[in-house]
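Student: Numbering (the working numbering), first residue to last: 14 to 166.
Glycine included, every Cβ here is placed at the ideal spot set by N, Cα and C.
Since the structure is predicted, the reported quantities are computational estimates derived from the model, not experimental observations.
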């Protein structure tokens, strides 16, 4: 009888360990976010102002960034009643931080998309400039100097 009980305890412990390991391997899933095969995360939303057309919001380094982009678009289009990944306060704050303004007659989702595209391209430019430590800058001194140097040799 004791052997059966210890076996039952052992099996329960193994099941718990397996369940915990499986839960640890699962990534949190977010509304409007898909993981790309190369490890980045894509965000998209259906735009009710454009007959349900899918709007690509961008590709992001983390699932959380992509989920926030989705939430921003969802909140801009549908308000507080939209299903979101994060709290309304977080979404409102992120929109304030990015100075979100949607022009009259334009799609809120398209505006969010453009804002993220612009921010990401400026980040990329800054990264390229900051990584440019081994840059050789050549100055054009004019054709007269070149002719003078060539005539001397």
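Alpha carbons only, please: which of 95, 75, 43 is nearest the one belonging to residue 61?
Tutor: Nearest option by C-alpha distance: 95.
Student: Could you check which residue in 77, 52, 65 has the C-alpha nearest to that of residue 42?
Tutor: 77
Student: For residue 81, count the other beta carbons within 10 Å of its own beta carbon; 16 or more makes it buried, fewer makes it exposed. Which is it?
Tutor: So residue 81 counts as buried.
Student: Compute the beta-carbon to beta-carbon distance between residue 200 and residue 101, rounded to the nearest angstrom, for a pair I have assumed lies under 8 Å.
Tutor: Nothing about residue 200 can be reported from this structure: the residues present for the chain run from 14 to 166 only.
Student: On the three-state DSSP scale, how would you describe residue 54?
Tutor: strand
Student: To the nearest angstrom, how far is the alpha carbon of residue 87 from that of residue 48?
Tutor: Looking at the two C-alpha atoms, the distance is approximately 19 Å.
Student: Rounded to whole angstroms, what's the CA-CA distance from residue 44 to residue 72? Just pull it up for me.
Tutor: 15 Å
Student: What beta strand (DSSP E) runs, 3 residues minimum, are completely inside the region 62-104?
Tutor: 66-73
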